[in-house]
Amino acid sequence: MDYCKADQRMNILAIETSLPKASLCLYTGGQLAFSAEWTAERNHDAHLFPALEQALQVLSATPLDYILVGAGPGSYGGVRVALAAAIGISTVRGGQLVSICSWEGLAPEGCGIISDARRGGWTLYRPGYEIVVIPPAQLLEEQEKGLEVYTIETQPTLKKAGLTAAGYELAPTAEGLVRAWLARSPEEQAALAQKPAEPIYVRPPHITEAKRKPWEV
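Mind the numbering: the sequence shown is residues 364 to 580 in the numbering used here, read in order.
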């Protein structure tokens, strides 16, 4: 990882668990000090915490500046586990907790990223950090207008929907989160750090209410 000298004092822990292929890295002293990768479906906690323990051992008593968590789009459960762990680390070890789009910096500049949002929709990450859910027909219109897209999906998945992409099976990584964070200006970093650290919802979350309030039971 090649970073500018101005960033060499920044100590960053990054966690990316929005997809089954997940990773964690520790950036300190101007270089990558620790990294780990694993594959998990619904058991990210079984792999995440051993990796966190090793990273914190490498960090020793060095304070953290930032804890970056990939906020998706992707597995809500995986992101939630990472955020919960990051909150604990931030409370005990310090460091500003920041959630950042897992797809940021994943495709070439000026290109979009797409994935199947189910229920007939496709998630489109437009250049400029905008995320929308649109039908395949509208996505095709975007491509006809000149938008080049990449995808985290496989080629057969896109072919089934009548879509194409310039690149397939992109994989977000913890190191990618660090690169995306350091590529932002100090002003952009400050603005992002002020936002609540939470998963990215491509659609409004479905929240149910109890038929009776707890005090009425």
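Note that CB positions come from ideal geometry on N, CA and C, so glycine has one too.
Beta carbon of Gln459 nearer than 8 Å to that of Tyr429: Locating residue 459 in the sequence shown gives position 96, counting from the first residue. Locating residue 429 in the sequence shown gives position 66, counting from the first residue. Result yes, Cβ atoms of Gln459 and Tyr429 sit closer than 8 Å.
Would you list the residues sitting across from Cys388 in a DSSP beta bridge? Sequence index remark: in the sequence shown, residue 388 carries index 25 (1-based). Cys388 pairs with Ala377 and Ser398.
Taking the Cβ atom as the reference point for each residue, do Ala434 and Ser398 lie within a distance shorter than 8 Å? Here residue 434 refers to the residue found at position 71 when the sequence shown is read from its first residue. Here residue 398 refers to the residue found at position 35 when the sequence shown is read from its first residue. Not a contact, by the Cβ cut-off of 8 Å.
Hey, how far is the Cα of Ile477 from the Cα of Val496? Reading the sequence shown from its first residue, position 114 is the one you call residue 477. Reading the sequence shown from its first residue, position 133 is the one you call residue 496. Spanning the two alpha carbons is a distance of roughly 9 Å.
What is the DSSP secondary structure of Gly473, reduced to helix, strand or coil? Numbered from 1 along the sequence shown, position 110 holds the residue referred to as residue 473. Three-state DSSP puts Gly473 in coil, outside helix and strand.
heavy atom of the ligand ADP below 7 Å from Leu411 C-beta: Questions concerning the ligand ADP fall outside what the structure shown contains, since it holds no ligand whatsoever.
Suppose contacts are defined by Cβ-Cβ distances below 8 Å. Is Trp466 in contact with Pro535 by that definition? What you label residue 466 is simply residue 103 of the sequence shown in a count that begins at 1. What you label residue 535 is simply residue 172 of the sequence shown in a count that begins at 1. When the beta-carbon positions are compared, Trp466 and Pro535 come within less than 8 Å of each other.
Between the CA atoms of Ala524 and Thr454 - distance to the nearest angstrom: Locating residue 454 in the sequence shown gives position 91, counting from the first residue. Locating residue 524 in the sequence shown gives position 161, counting from the first residue. So the two alpha carbons sit approximately 45 Å from each other.
As assigned by DSSP and simplified to three states, the class of Ile563: Residue 563 sits at position 200 when you count from the first residue of the sequence shown. Look at Ile563 here: in three-state DSSP terms it is coil, with no helix or strand label.
Going by CA-CA distance only, name the one from Ala480, Gln417, Asp479 and Phe412 that's closest to Ala449. Mapped onto the sequence shown, residue 449 falls at position 86. Nearest Cα to Ala449 within the set Ala480, Gln417, Asp479 and Phe412: Phe412.
By a C-beta neighbour count over all protein chains shown, 10 Å radius and 16 as the cutoff for buried, is Val444 buried or exposed? Counting from 1 along the sequence shown, the entry for residue 444 is found at position 81. That one is buried.
To the nearest angstrom, how far is the alpha carbon of Gly473 from that of Ala529? Locating residue 473 in the sequence shown gives position 110, counting from the first residue. Locating residue 529 in the sequence shown gives position 166, counting from the first residue. Gly473 and Ala529: Cα-Cα distance of roughly 13 Å.
Nearest CA to the CA of Gly491: which residue from Ala480, Pro383, Leu469 and Thr402? Counting from 1 along the sequence shown, the entry for residue 491 is found at position 128. Closest option to Gly491, judged by alpha-carbon separation, among Ala480, Pro383, Leu469 and Thr402: Leu469.
Reference Leu533; option with closest CA among Arg372, Ala560 and Ser381: As a first step, residue 533 is located in the sequence shown; it is residue number 170 there, counting from the start. Comparing C-alpha distances from Leu533 to each of Arg372, Ala560 and Ser381 shows the shortest one belongs to Ser381.
Suppose the cutoff is 7 Å on Cβ atoms and the five residues either side in sequence are ignored; what does the same chain contact list for Leu389 look like? The residue given as residue 389 occupies position 26 in the sequence shown. Spatial neighbours of Leu389 in its own chain (CB-CB distance under 7 Å, excluding positions within 5 residues in sequence) are listed in chain order as Leu376, Ala396, Phe397, Ala418, Val421 and Leu422.
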